[in-house]
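Since the structure comes first, as structure tokens, the remarks are kept for the end.
Chains as they are written, first to last, in the numbering used here: chain A, 1 to 642; chain B, 643 to 1007.
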């Protein structure tokens, strides 16, 4: 805690010192888009959608997307130090967040969630996060939130090459390249990466079990290596500004060892490995030339996971997906969009019986609209109905409103509100696993209400936003696996999650120095209010759901130099129903970089330290996390016109 | 003569003092009033801790959860407890992740380090003489056939594994009888038999894979025949093994015998009844557990379960003092489990919350 206070003091001291010179700001600063007001927002009035600034994304390109989310959003990431991490928006479970890329929800259809460590940040150019329910837009599973992974829309005209390599402590290595080639109409973007991490970090092992000479020993983590590699190829064609075709093929392999807990690590004798191969293909055509805009896409997804090299126990799915939609704006104040999304899913899981499941069709029909009464007031309404083979999914509506109030010539205030229903169809494992699958499960059903206020202030000298959101979410028929003599998925709980989220982002100039400061805080009580179990948890904070979370980052840019520091505070968490807890922890990172040119070649050297205060902490009980580490990155950019 | 008498008196007095001291020392070490009780083995959450022992004083009705922590200065048990075994004033706990054998005294105080060397995925143990035999699945097991499994032979005095005996097929429960170690194989339709003198391994073919034994007064064995995902069988129930001839002499069919790992078979103190846990769908398609009763004299299962309708059944124990049945159930691995106490006629007497995922119990006097 003292480290946290010290770090916050440092950040605010630096912030205050910089702020003293704000009157000398030049007029060239442009605030990065903090909130995406694009297609995503158009029909989701009032929704809280934050785009993580590109400058921050650049700081955490090694490894999976969990590093970016953990460092720069107030979302809890439950993870070990190895290859497994899951996301928990607003106290919900990992399967209550949809992770979207193009028209593909990356979540495993068997498990229902994504391992964030296996989604490489390097391949993507942007990350946006949506807080709260968005099932009417993203379909089944988007109860707690959604993550959108985006690729840049550059329409390359010439050759642009970006290559990056990083070497870090504990055997970390990233090698990756992005090659953009095009003539303004045709575009080919090739992205490839290779990421390794030995994860042989030292740590204080408090769980040796040595009672003859008790006390922690300095140990070294074993069996937690990660090796991920992937390739993403885009072929895009622009017929005109409003008519284009885009396609992407993403092929990858993730391999990691299952990190042993500290007590097993002390007597290490081996561990298991997980191997995951995947192919994700998506192509879409957009035509916005006419009164009625049209967009249609199709794709194919193959996932195959093998546990501990046992090829007889494969867990995989193949899915064909497609989506079509048409939209029209009757006026600038009224728009309508209708569409359908279809999936054909063929599971290939060793424990599923062909009699129980051979394939499944899923069809979503949706209707979205917005209505802008005047400059200040806007509404949106979304309706969605999903149809699943031999399963009944609920009808899902959502409603949003925004009211914008000009507070001065340089500022305005926006009030937002959403009401949304959400749902999650049980996973394939829940319904079809061996003899334990439970096809009678009800879908999880959520109700989400949200109120928000956001204050914008912008001058040439300083641009800032402050946002405060309050939310209430009630999820019924919460599914968990329980022992009924054999283990089986059941609707066991009703969970209420509520809380407030504060967000601020300020960008300003001090002379030639550009500064960017962000701060996030979340207070999130989340409790089961009904439980089918006689001795089950009731009216108490859920396990591994921190009540308090916060993070902050400061970035400074002076000529060719960059400095950055960020810190994340995660409050205490219950680890079981008996009241055992893990203490709060605070992790801070910092670094600096230098940009230089050699003719047409741009180089960016960055030296950073993660967990530079050397916090000794556990995110999951008994699993060691690395202490202070260092990283050296070299990024190369070439941009030539053909 | 007088000096000799005095010496003799002195020697006799000293001997008497020493003997009485020794007796007092034993009595004081593990006084019955502190030791007596039912000790519930709570498995916890695999790899994530939570393993514990709950002590139930059946004389006063007092339940003390996390009793092992109370007895060891608050120190938590770092492994998941797969099995507990009492032998010669020691309690042996088989731990998973970390894999180890922990030895405790009857007050449940651990005074020496656990043994982990050559114990990979240990499951169960049984003693014979100065040796403890521990069934192990081996490191990184291939879960389809468990080809690398073995029996570790631990010298109780040196607290070290002296050798390992290869036994493929996933050894689970064990019992010693007539100079042989009988090992239930959970991934092979056989029971492994190890001659304790020669350590030669032979097999008894079984109609289904097996899990655990109980031993009758004549040193013959009853074993649970179970159907598992890897080895499906309709021939579930009990098998009777003549340990002299090392042959499966009879089988007694019972549907839905629990394939869980824990205490799924127990006998009463007089070995007139054997209790077997079953798990099946009821008329409303809800999965519930039950306790089937086998009459040893008539060699038949009662047509109706002695206890039924238990959701999440996870183990059973029988109090040797009064033959009351302690039936354990657990919906999850992170929350409280439940112990229901039934009379030998199946009448529910009491219920208590216990630790995370109880799988059985042992009794100390």
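Each residue gets a CB set at the ideal place from its N, CA and C atoms; glycine is no exception.
For my contact list, residue i and residue j are in at a C-beta cut-off of 8 Å; report their separation, rounded to the angstrom.
i: residue 74 of chain A; j: residue 450 of chain A; result: Not a contact, Cβ separation roughly 15 Å.
i: residue 191 of chain A; j: residue 159 of chain A; result: Incorrect: roughly 15 Å between the Cβ atoms, too far for contact.
i: residue 879 of chain B; j: residue 895 of chain B; result: 4 Å
i: residue 648 of chain A; j: residue 489 of chain A; result: The question about residue 648 of chain A has no answer, for chain A in this structure spans 1 to 642.
i: residue 91 of chain A; j: residue 445 of chain A; result: Not a contact, Cβ separation roughly 17 Å.
i: residue 104 of chain A; j: residue 280 of chain A; result: 6 Å
i: residue 643 of chain A; j: residue 976 of chain B; result: The shown model of chain A, from 1 to 642, leaves out residue 643 of chain A, and the question about it has no answer.
Roughly how many whole angstroms lie between the Cα atoms of residue i and residue j?
i: residue 685 of chain B; j: residue 479 of chain A; result: 23 Å
i: residue 802 of chain B; j: residue 320 of chain A; result: 57 Å
i: residue 427 of chain A; j: residue 99 of chain A; result: 15 Å
i: residue 405 of chain A; j: residue 466 of chain A; result: 15 Å
i: residue 680 of chain B; j: residue 588 of chain A; result: 49 Å
i: residue 239 of chain A; j: residue 138 of chain A; result: 28 Å
i: residue 174 of chain A; j: residue 517 of chain A; result: 28 Å
i: residue 701 of chain A; j: residue 341 of chain A; result: For chain A, the structure presents residues 1 to 642; residue 701 of chain A sits outside this window and is missing.
i: residue 157 of chain A; j: residue 120 of chain A; result: 26 Å
i: residue 81 of chain A; j: residue 626 of chain A; result: 7 Å
i: residue 435 of chain A; j: residue 356 of chain A; result: 10 Å
i: residue 940 of chain B; j: residue 885 of chain B; result: 20 Å
i: residue 36 of chain A; j: residue 462 of chain A; result: Residue placement at residue 36 of chain A cannot be trusted, given a pLDDT of 37 that sits under 50; the coordinates are not used to answer.
i: residue 313 of chain A; j: residue 229 of chain A; result: 23 Å
i: residue 759 of chain B; j: residue 208 of chain A; result: 14 Å
i: residue 107 of chain A; j: residue 64 of chain A; result: 15 Å
i: residue 412 of chain A; j: residue 46 of chain A; result: 16 Å
How would you label residue i, buried or exposed, when you count the other beta carbons within 10 angstroms and need 16 or more for buried?
i: residue 634 of chain A; result: exposed
i: residue 503 of chain A; result: buried
i: residue 719 of chain A; result: The structure shown has nothing for residue 719 of chain A, since chain A only spans 1 to 642.
i: residue 78 of chain A; result: buried
i: residue 219 of chain A; result: buried
i: residue 473 of chain A; result: buried
i: residue 469 of chain A; result: buried
i: residue 482 of chain A; result: buried
i: residue 409 of chain A; result: exposed
i: residue 712 of chain B; result: exposed
i: residue 640 of chain A; result: exposed
i: residue 731 of chain A; result: In the structure displayed, chain A extends from 1 to 642; residue 731 of chain A sits before or after that span and is not available.
i: residue 116 of chain A; result: buried
i: residue 421 of chain A; result: buried
i: residue 876 of chain B; result: exposed
i: residue 561 of chain A; result: exposed
i: residue 71 of chain A; result: buried
i: residue 96 of chain A; result: buried
Could you tell me which chain A residues have their CB closer than 8 Å to the CB of residue i, listed as they occur along the chain?
i: residue 739 of chain B; result: 260, 261, 263, 264
i: residue 781 of chain B; result: 269, 270
Starting from residue i, find everything on chain B with Cβ-Cβ shorter than 8 Å and list it in chain order.
i: residue 537 of chain A; result: 977
i: residue 533 of chain A; result: 973, 974, 977
Taking residue i as the query, report the chain A residues whose CB atoms sit under 7 Å from its CB, ordered along the chain.
i: residue 929 of chain B; result: 484, 485, 486, 488
i: residue 692 of chain B; result: 576
i: residue 762 of chain B; result: 269
i: residue 758 of chain B; result: 267
Strictly below 7 Å CB to CB, what residues from chain B border residue i?
i: residue 312 of chain A; result: 786
i: residue 621 of chain A; result: 690, 691
i: residue 207 of chain A; result: 720
i: residue 308 of chain A; result: 782
So with CB distances below 9 Å, who are the chain B contacts of residue i?
i: residue 212 of chain A; result: 753, 754, 755
Notebook entry, point to check: According to a CB-to-CB cut-off of less than 8 Å, which residues of the segment 421 to 432 of chain A neighbour chain B?
Noted result: Taking 8 Å as the Cβ-Cβ cut-off against chain B, none of the residues of the segment 421 to 432 of chain A qualify.
Next item on the list: Give the residues from the segment 485 to 508 of chain A that approach chain B closer than 7 Å (Cβ to any Cβ), ordered along the chain.
Entry: Legend: CB atoms of the segment 485 to 508 of chain A lying less than 7 Å from CB atoms of chain B belong to residues 485, 486, 488.
Next item on the list: Can you give me, in chain order, the residues of the segment 957 to 987 of chain B that have a beta carbon less than 7 Å from any beta carbon in chain A?
Entry: For the segment 957 to 987 of chain B, which is checked against every Cβ of chain A, the residues closer than 7 Å are 972, 973, 974, 976, 977, 978, 980.
Next item on the list: Anything in the segment 908 to 924 of chain B with a Cβ closer than 7 Å to a Cβ of chain A? List those residues in chain order, please.
Entry: From the segment 908 to 924 of chain B, only 921 have a Cβ closer than 7 Å to chain A.
Check: Mind listing which residues of the segment 939 to 955 of chain B have their C-beta closer than 7 Å to chain A's C-betas, in chain order?
Finding: Of all residues in the segment 939 to 955 of chain B, 953, 954, 955 have a Cβ within less than 7 Å of some Cβ in chain A.
Notebook entry, point to check: Going along the chain, which residues of the segment 330 to 358 of chain A sit with their C-beta nearer than 8 Å to a C-beta in chain B?
Noted result: Per Cβ criterion, the list reads 351.
Check: Using a Cβ cut-off of 7 Å, which residues of the segment 446 to 469 of chain A contact any Cβ in chain B, in chain order?
Finding: Going along the segment 446 to 469 of chain A in chain order, one finds no residue with a Cβ nearer than 7 Å to chain B.
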